[in-house]
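A.B. asks:
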Amino acid sequence: MSATTTPTSVVRAADEGERRWFAGGGVVTWKVRAEESNGAFLMFEDRMEQGKVTPLHIHPDTDEAFFVLEGEILMHLDGTEQRVAEGGMMLATRGLPHAFMVTSPVARLLCVQTPGNIESFFWDASDPIADDVDSGEVDFDRIAASAQRSGGMTILGPPPFAH
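The working numbering numbers the first residue of the sequence shown as 15 and each following residue consecutively.
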């Protein structure tokens with residue numbers, strides 16, 4: 015017997031969505047939670063400041079796409095680097111090693127991950143924040159612990175950027 019899902023819809027204004035400080039260094043505003051898409055995907059806006067960097071990592075069971083709303087990032091995708099500026103996008107399919115670094119004063123990315131099975135990683139590595147708060151503590155140990163617990167991310171090494 016197959017399970018049925020109930021059709022749903024979500025509408026959020028530009029300034030709507032739960033805001034959380036992600037311990038990797040950025041304000042995440044949730045636009046679509048996994049449960050709202052019946053697990054098909056999740057979507058959030060990530061606002062970060064210059065110098066924010068991620069370790070080299072993979073998502074073993076999730077495809078990750080970024081659309082750059084503002085600013086510029088330097089992407090490291092499977093051994094190559096390229097800049098992605100406002101209006102550009104990148105896709106890292108599951109298992110592809112990648113990392114990024116914010117090179118502009120501020121960057122805002124619209125992030126979509128499918129399926130939405132990685133949400134627990136982000137939720138466990140973040141804390142709710144007020145609307146007037148735009149920063150918090152960067153804690154890569156918390157990121158690593160959340161990745162290990164959830165299985166949503168495997169850290170392969172330090173950030174691969176020379177700069």
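Glycine residues also receive a C-beta, built at the ideal position from the N, C-alpha and C atoms. Since this is a predicted model, take the numbers as computed values, not measurements.
1) For P119, which option in E86, S160, A158 and V82 has the closest C-alpha, if you only look at C-alpha atoms?
2) Should D92 and L70 be called a contact, given that it needs their Cβ atoms to be closer than 8 Å?
3) For D153, which three-state DSSP category applies?
4) Do you know offhand how far T179's Cα is from S23's?
5) Flag this pair as yes or no: are the beta carbons of V41 and R33 separated by less than 8 Å?
6) Looking only at DSSP bridge pairs, what is T68 linked to?
7) How close, in whole Å, do the beta carbons of H7 and H90 come, if the pair is a contact with beta carbons under 8 Å?
8) Counting pairs of Cβ atoms below 8 Å between the region 117–132 and the region 53–60, do you hit three or more?
9) Could you tell me which whole alpha helix (DSSP H) segments of length 4 or greater appear in the region 39–107?
10) Measure from the alpha carbon of T18 to the alpha carbon of each residue in N52, G102 and W35, then state which is nearest.
C.D. replies: Result, derived from the coordinates:
1) E86
2) no
3) coil
4) Shown here, the chain extends from 15 to 177; a query on residue 179 therefore has no answer.
5) yes
6) According to DSSP, which records beta bridges pairwise, T68 is partnered with nothing at all.
7) This structure gives no information on residue 7, because the portion of the chain shown stretches from 15 to 177.
8) yes
9) none
10) N52
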